[in-house]
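Peer 1: My structure is below; once you've seen it, I'll send some questions.
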Amino acid sequence: MRGQVAMSAELEAASNALCNNQVPDAWQRAAYPSLKPLASWVANFRRRVDVLADWLYTGQPAAFWLPGLFFPQGFLTAVLQNHARMSRTPIDRLAFCFDVLPRAADGAAAPAGGHGSRDSKDLPGSVTSGVIVTGLHLEGAGWDERTCALAPPRPRQMTAPLPPVHFRPEEVPAGGCTAGDSDGGMYACPLYKTSVRAGVLSTTGQSTNFVMHVQLPCAAGTDASTYVLSGVAALCALDGDE
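Residue numbering for the sequence shown is 3 to 244, as defined by our numbering.
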């Protein structure tokens, strides 16, 4: 900016990206996966910092804004590990059950986890195990709060917010179904960090963009195949403003 440093190829690329409202590649390589343009990316970054700072200085929040975590897979594994220690259950015998909670009585969503409120009375209910997760979105489907089930998307609406979800660890019987199975009127909805639905294979053999499957109830008269054919998925982050 002051003309004291010679312009390198990397600085020129960053300058061009900023002028085009794009996130520079150098920033992307050091950050989390995101498809947002620059302005939305900066706003999202500031929100992430505020949420984590609030968590650090005021203590554990009543609900967790999952999109604000750099590595949500590690956070959810830690939740299972914590429950395994408390219940003295082998972690390989634990899996998440999912309860989609109603929104607040005034129609607004529950707090976004660690951002301004830690009071459990502000949430749809208190939990004794697991965590309440907020900030998720559905792509290719909507959510019917009356029936507490998946619903067809509204016209010209590609995504819809998902109400707070209680991730509840439960012991899985030997030979029981896995998290990715769809059964009993439930759809194993894949949860991704971004809408690109692709990533680099990690050392565990899973995509770095894939988080886990979330079991969601199907609408009456439908089954899991309806949502498989529609490509329904849950997302941690949208491509633009949220």
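Note that the Cβ used here is the ideal one computed from N, Cα and C, for glycine as well.
#1: Put G144 into one of helix, strand or coil per three-state DSSP.
#2: For the alpha helix (DSSP H) that contains M214, what are its first and last residues?
#3: Tell me the rounded alpha-carbon separation between F77 and L71.
#4: Below 8 Å CB to CB, which residues in the same chain sit around V234 once its five sequence neighbours on both sides are set aside?
#5: Please work out which residues of its chain come closer than 7 Å, Cβ to Cβ, to W145, disregarding the five sequence neighbours upstream and downstream, and give them in chain order.
#6: How many angstroms separate the CA atom of A28 from the CA atom of P104?
#7: Which of the three DSSP states, helix, strand or coil, is assigned to C21?
#8: Compute the Euclidean distance between the alpha carbons of A222 and E147, then round it to the nearest angstrom.
#9: Can you give the Cα-Cα distance for V135 and V129, rounded to whole angstroms?
#10: So, is G115 buried or exposed, given that buried needs 16 or more other C-beta atoms within 10 angstroms?
#11: Select from V174, S17, P74, P155 the residue whose C-alpha is nearest the C-alpha of A86.
#12: If distances are taken between C-alpha atoms only, which option among C99, H168, P157, M88 comes closest to L68?
#13: To which residues of the same chain is A45 closer than 8 Å at the C-beta, ignoring the five residues directly before and after it?
#14: Pick from R50, C220, D56: whose alpha carbon is nearest that of Y34?
#15: Give the DSSP bridge partners of M160, in chain order.
#16: Going by the CB atoms, is the gap between C238 and G132 shorter than 9 Å?
#17: Which residue comes first and which comes last in the alpha helix (DSSP H) that contains D52?
#18: Would you say V213 and L193 are within 9 Å of each other, going by their C-beta atoms?
Peer 2: Judging by the given coordinates:
#1: On the sequence shown, residue 144 is found 142 positions in, with the first residue counted as 1. Of the three classes helix, strand and coil, the one that applies to G144 here is strand, per DSSP.
#2: What you label residue 214 is simply residue 212 of the sequence shown in a count that begins at 1. That residue, M214, is in no alpha helix (DSSP H); its beta strand (DSSP E) goes 212-219.
#3: The residue you call residue 77 lines up with position 75 of the sequence shown. The residue you call residue 71 lines up with position 69 of the sequence shown. Each residue's alpha carbon lies about 8 Å from the other.
#4: The residue given as residue 234 occupies position 232 in the sequence shown. Hits under 8 Å: L140, E141, G142, A143, L152, Y189, C191.
#5: On the sequence shown, residue 145 is found 143 positions in, with the first residue counted as 1. The answer, listed in chain order, is L152, A153, A162, L164, P165.
#6: Sequence index remark: in the sequence shown, residue 28 carries index 26 (1-based). Sequence index remark: in the sequence shown, residue 104 carries index 102 (1-based). Roughly 41 Å separates the two Cα atoms.
#7: Looking up residue 21 in the sequence shown gives position 19. DSSP places C21 in helix when its eight states are reduced to three.
#8: The residue you call residue 222 lines up with position 220 of the sequence shown. The residue you call residue 147 lines up with position 145 of the sequence shown. If I take the Cα positions, the gap works out to 13 Å.
#9: Locating residue 135 in the sequence shown gives position 133, where the first residue counts as 1. Locating residue 129 in the sequence shown gives position 127, where the first residue counts as 1. About 12 Å.
#10: Counting from one through the sequence shown, the residue named residue 115 turns up at place 113. At G115, the pLDDT of 42 sits below 50, so the modelled position is not reliable; the number obtained from the coordinates is stated separately. With 16 or more other Cβ atoms within 10 Å, it is buried.
#11: As a first step, residue 86 must be located in the sequence shown, where it is residue number 84. The shortest C-alpha separation from A86 is found at V174.
#12: Counted from its first residue, the sequence shown places residue 68 at position 66. Among C99, H168, P157, M88, the Cα nearest to that of L68 belongs to H168.
#13: Here residue 45 is taken as the residue at index 43 of the sequence shown, counted from 1. These residues qualify, in order along the chain: D243.
#14: Sequence index remark: in the sequence shown, residue 34 carries index 32 (1-based). Ranking the options by Cα distance to Y34, first place goes to R50.
#15: Looking up residue 160 in the sequence shown gives position 158. Its beta-bridge partners do not exist; DSSP assigns none.
#16: Reading the sequence shown from its first residue, position 130 is the one you call residue 132. Reading the sequence shown from its first residue, position 236 is the one you call residue 238. The answer is no: Cβ separation not under 9 Å.
#17: Here residue 52 refers to the residue found at position 50 of the sequence shown. Here the alpha helix (DSSP H) through D52 covers 40-60.
#18: Here residue 213 refers to the residue found at position 211 of the sequence shown. Here residue 193 refers to the residue found at position 191 of the sequence shown. Yes; because the gap between Cβ atoms is below 9 Å, this pair is in contact.
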